[in-house]
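Data first, discussion second: the structure below is written as structure tokens.
Protein chains in written order, with our numbering: chain W, 31 to 143; chain G, 41 to 156.
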């Protein structure tokens, strides 16, 4: 089982719709969870992070965490063509390696005008 | 500019040559990371520094790879005797330890290596 799993997509949604991106992780002791956005040929940039069960909202973005199910999601409301990118889920592992992030492969999102 | 700076942005080299990449982290950050990313994959951890100490090196990293952070500021990543399989984007990131909450990594623009 991979440490961080994401559906590679592509996920295609119409402009104005809600895009839902999902991620599961294997280390039950993981503490912090991150969503990064990466445009083609560019480096990852942080969208938001979450470390408590429940929802965390930041503008059009909502991160959802369910530690019992080892599941993290990112909702993008009112999707825009400029949201078209690869979305990377990353997990901060527990214990002695808690300084580094482990990334999933990413989900490619396309927002169609 | 207070972001993470990487140089060179692009490097094309022939198989067998050595290459070196440089990373200048955000000045107040004491943690520095190198990741590698290939097409269609997420960033893969290579190594980590806390100040000048290299605290972890991925087992995936062969002996041809070496990284330094001599004064706890900038870092270099050297690849000796490059192979075609080394072609990738090499990403540097930094963060600040000791802040309550999540350890947020800020990435540089990356150095893209092409080995012919």
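Every residue, glycine too, gets a C-beta built ideally from N, C-alpha and C.
- Query: When the Cα atoms are used, what is the spatial distance from residue 135 of chain G to residue 43 of chain G?
  - Reply: Here residue 135 of chain G refers to the residue found at position 95 when the second chain is read from its first residue. Here residue 43 of chain G refers to the residue found at position 3 when the second chain is read from its first residue. About 11 Å.
| message | On a Cα-Cα basis, can you pick out the residue from W:35, W:39, W:33 that is closest to residue 139 of chain W? | response | For the purposes of this step, residue 139 of chain W is taken as residue 109 along the first chain, with counting starting at 1. Sorting W:35, W:39, W:33 by C-alpha distance to the C-alpha of residue 139 of chain W places W:39 at the top.
Exercise. Going along the stretch 69 to 92 of chain G in order, which residues come within less than 9 Å of chain W, judged by CB to CB distance?
Worked result: From the stretch 69 to 92 of chain G, only 71, 73, 75, 77, 80, 81, 82, 83, 84, 85, 88, 90 have a Cβ closer than 9 Å to chain W.
**OP:** Spell out the partners DSSP gives residue 130 of chain G in its beta bridges.
**Re:** Reading the second chain from its first residue, position 90 is the one you call residue 130 of chain G. In the DSSP output, where bridge partners are listed per residue, residue 130 of chain G has G:76, G:151.
**Asked** Who are the neighbours of residue 74 of chain W on chain G, taking C-beta pairs under 8 Å?
**Response** As a working mapping, residue 74 of chain W is identified with position 44 in the first chain. Correct list: 83, 131, 147.
Does the beta carbon of residue 129 of chain W sit closer than 8 Å to a beta carbon anywhere in chain G?
For this step, residue 129 of chain W is matched to residue 99 along the first chain. Contact of residue 129 of chain W with chain G is assigned, a C-beta pair being separated by under 8 Å.
For residue 46 of chain G, count neighbouring C-beta atoms within 10 Å of its own C-beta (all shown protein chains included) and say buried if the count is 16 or more, exposed if not. For this step, residue 46 of chain G is matched to residue 6 along the second chain. That one is buried.
Going straight from the alpha carbon of residue 61 of chain W to that of residue 34 of chain W, what length do you get?
Position 31 of the first chain holds residue 61 of chain W. Position 4 of the first chain holds residue 34 of chain W. Rounded to whole angstroms, residue 61 of chain W and residue 34 of chain W show a C-alpha spacing of 13 Å.
- prompt: Are the CB atoms of residue 102 of chain W and residue 94 of chain W nearer to each other than 8 Å?
  reply: Translated into positions along the first chain, residue 102 of chain W becomes position 72. Translated into positions along the first chain, residue 94 of chain W becomes position 64. With contacts defined as CB atoms closer than 8 Å, residue 102 of chain W and residue 94 of chain W qualify as a contacting pair.
Does DSSP put residue 111 of chain W in a helix, a strand or coil?
Translated into the one-based positions of the first chain, residue 111 of chain W becomes position 81. Reduced to three states, the DSSP call for residue 111 of chain W is helix.
Rounded to the nearest angstrom, what separates residue 117 of chain G and residue 106 of chain G at their Cα positions? Here residue 117 of chain G corresponds to residue number 77 of the second chain, with the count starting at 1. Here residue 106 of chain G corresponds to residue number 66 of the second chain, with the count starting at 1. Across the structure, residue 117 of chain G and residue 106 of chain G are spaced so that their CA atoms are roughly 6 Å apart.
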